[in-house]
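Heads up: the structure comes next, in structure tokens.
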Amino acid sequence: MPAGRFNVLVVTSRNRSATEIVAWTALSAVAPGAAHLRAGWRRTGFALLGCYCLILAGAAGVVVQADAELAGEALNWLNAIGNTAAAAGLGWFCLVVHSYVVLEPRRLSKAGQIVTGAVAAILAVVVATPFALAAHYARVSQEMLDSVFSAPAPPQPSVSATPDPWGGRDRVNVLLLGGDWDDDRIGVRTDSINVASVDVATGDTVLLGLPRNLEHVRFPPGTPMAQRFPYGFALPEYRPGWREDLLFSVWQYADEHPELFGGRRHMGAQVLKETVGYILGLKIDWYTLVNIWGFAKIIDAIGGLVLTVDQDVVFGKYNEGLVRAGTRRLDGDQALWFARSRTYSDDYTRMRRQRCVFSALLSQTDPATVLTRFTSIAQATKNIIHTDIPRPMLAHLVPLALKAKHAQVTSLQFTPPLINTAAPDWAKIRQLTAKALRAPAESAVRPGIPLTSSPIADGCGDAAVMP
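Positions 1445 to 1911 (this note's numbering) are the ones given, in order, by the sequence shown.
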């Protein structure tokens, strides 16, 4: 080091107080290179400051051009994002420490060195913490997505083909199921059966709800289930008054009878997709199944839900449980039983309450809640959701979901008196479905087509706000 430079450093360091060292170290945490310039390390200081400006410019460019497509693509970069965040956090930590060191705190008194060193260490940890959290969230997200979206990817189109993830279709149809299953029981009983049909151009969505107790279910011609039940799904009563041949039992029956499918097991999901698609006259692309018993864990993870309960809801084997009427915050178990109980009620009232819970979950899960409770939400989600959506499709489905959030969402529920569940008019169901998908806005005002523009929250009482 040149003698002149050394002399300058000595003079400036001798005149530098503990307050000045702390101040310049803190400034370097938000403006890298500041402490180095103050200490006379001009080349290093300008290099750090230049790199910092380039990083800021790049980040600003990403923010300006950020859109739904970028958000979807980011899901494919979680490992890289996590590694980059970890490296950036380590680098920033070292930068703060080095900024403190070049200011030569050793020339301070022992007490001054201890105090300034402690402050510098705290600063280093503070600036590294956001990067550590980002890396942690990226890792947890990667694990959750790998666990939930484990279906194999669809065949890739040829290079010359037009990159259209929807294969030229105008709509995608996702079967949304709520069911219960246990490790010691074969099959799943699907208590909530809905199809979300989304217009890929506009995001406009029609929710089609089928009652769980639909009788004499017809299966697609030529399938093993149609050959077994040519006149509709019909079984002897399990016990007096106990039916196991309703729509909600299709998945479980298929899983319990692999001999129908040449010995192939776990055919329930595929059979139910084909069956619901045949009932509605649609091609079901994918399904998503939420374990209703585990659903309470998600609600607990976000701190509960505020719901307006119109009247007391009784639940429990011996009617020992009660969700009282009024606007209140429900924990996971209370919200679950509010959505599931049929005591002194029926399936159709329960379907309405389930829509209330889903509406509250969507509206009350704000970004701040997700951020502060991210790990617990991700862990709960990982254990209760099954789907056959291929992981690569998330890059396209996330932008579509964001588009649908701000688009028109309507609902058509095939419940009495529109449809007689004991003797369904299958042609009428397909006709109403086709009309709803062709023109949901126009169909909403046609007599005989009860299509609602606020479907999920319909009948849920006034919106409630609670701390």
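C-beta: ideal position from N, C-alpha, C; glycine also.
Worksheet item: What's the C-alpha gap between Arg1656 and Arg1687?
Response: 11 Å
Fill in: Distance between beta carbons of Leu1733 and Leu1621, contact taken as under 8 Å
4 Å
Discussion item. Tell me which residues share the same chain as Phe1537 and place their Cβ nearer than 8 Å to its Cβ, disregarding the 5 neighbours each side in the sequence.
Written reply: Ala1568, Val1569, Val1571 and Ala1572
Practice prompt. Identify, in the order they occur along the chain, each residue of the same chain with its Cβ nearer than 6 Å to the Cβ of His1660, setting aside the five sequence neighbours on each side.
Written response: Gly1676
Item to complete: Name the two residues that bound the continuous alpha helix (DSSP H) containing Asn1827.
Response: Phe1818 to Ile1828
Worksheet item: Going along the chain, which residues of its own chain have a beta-carbon closer than 6 Å to the beta-carbon of Lys1466, five neighbours each way excluded?
Response: Reading the sequence as shown, one finds Val at residue 1466 and not Lys. Result list for Val1466: Thr1560 and Val1563, in chain order.
Worksheet item: Taking the alpha-carbon positions, what's the Trp1468 to Leu1493 distance?
Response: 14 Å
Worksheet item: Where DSSP assigns a beta bridge to Thr1488, which residues make up the other side?
Response: Its beta-bridge partners do not exist; DSSP assigns none.
Worksheet item: What number of angstroms, rounded off, separates the C-alpha of Ile1863 from the C-alpha of Ser1807?
Response: 30 Å
Worksheet item: Can you name the residues that DSSP bridges to Thr1634?
Response: Gly1623
Fill in: Strand pairing of Gln1808, partner residues [DSSP]
In DSSP, Gln1808 forms no bridge with anything.
Item to complete: Reducing DSSP to helix, strand and coil, say where Asn1735 ends up.
Response: strand
Worksheet item: Span of the beta strand (DSSP E) holding Phe1759?
Response: Val1757 to Phe1759
Worksheet entry | Beta-carbon gap between Ile1736 and Asp1614 smaller than 8 Å | no
Discussion item. Rounding to the nearest angstrom, what Cα-Cα distance links Thr1831 and Tyr1731 in this structure?
Written reply: 6 Å
Discussion item. Considering only their Cβ atoms, is the gap separating Arg1773 from Gly1738 smaller than 8 Å?
Written reply: no
Worksheet item: If you drop the 5 nearest sequence neighbours on each side, which residues of the same chain put their C-beta closer than 7 Å to that of Val1546?
Response: Ala1479, His1480, Ala1483 and Trp1485
Worksheet item: Quick one, which of Ser1789, Leu1726, Ala1822 and Ile1728 has its alpha-carbon nearest Ala1745's?
Response: Ala1822
Worksheet item: Do you know offhand how far Asp1756's Cα is from Glu1703's?
Response: 46 Å
Item to complete: Find out if the Cβ-Cβ distance for the pair Lys1826, Met1669 is shorter than 8 Å.
Response: no
Worksheet item: Is Val1750 helix, strand or coil by DSSP?
Response: strand
Worksheet item: Near Leu1726, which residues of its chain fall below 6 Å by C-beta distance, leaving aside the five closest residues on each side in sequence?
Response: Asn1617
Worksheet item: Whose CA, out of Ser1785, Ala1475 and Thr1528, lies closest to the CA of Ala1576?
Response: Thr1528
Discussion item. At the level of alpha carbons, what is the spacing between Asp1648 and Val1853?
Written reply: 6 Å
Fill in: Cut-off 6 Å between Cβ atoms - residues of its own chain near Ala1578, not counting five sequence neighbours on either side
Ala1529
Discussion item. Using the Cβ count rule (16 or more neighbours within 10 Å means buried), how would you classify Lys1849?
Written reply: exposed
Worksheet item: Val1644 to Ala1851, Cα distance in whole Å?
Response: 11 Å
Worksheet entry | Straight-line Cα distance separating Ala1524 from Ala1503 | 16 Å
Discussion item. Measuring straight from C-alpha to C-alpha, what distance separates Asp1790 and Gln1586?
Written reply: 41 Å
Worksheet item: Under the DSSP definition of a beta bridge, which residues are partnered with Trp1695?
Response: DSSP lists no partner for Trp1695.
Worksheet item: Whose C-alpha, out of Ser1461, Leu1846, Leu1651 and Thr1634, is nearest the C-alpha of Arg1551?
Response: Ser1461
Worksheet item: From which residue to which residue does the alpha helix (DSSP H) around Leu1838 run?
Response: Leu1838 to Lys1849
Discussion item. With a threshold of 8 Å on Cβ separation, who are the neighbours of Trp1610 within its own chain once the five nearest residues in sequence on each side are excluded?
Written reply: Val1616, Val1644 and His1840
Discussion item. Rounded to whole angstroms, what is the Cα-Cα separation between Phe1858 and Ala1501?
Written reply: 54 Å
Practice prompt. Under 8 Å by Cβ, that's how I've got Arg1633 and Gln1696 pegged, so tell me the actual separation to the nearest angstrom.
Written response: 6 Å
Practice prompt. Would you grab the beta carbon distance between Thr1877 and Leu1724 for me? Rounded to a whole angstrom, and I think it's under 8 Å.
Written response: 5 Å
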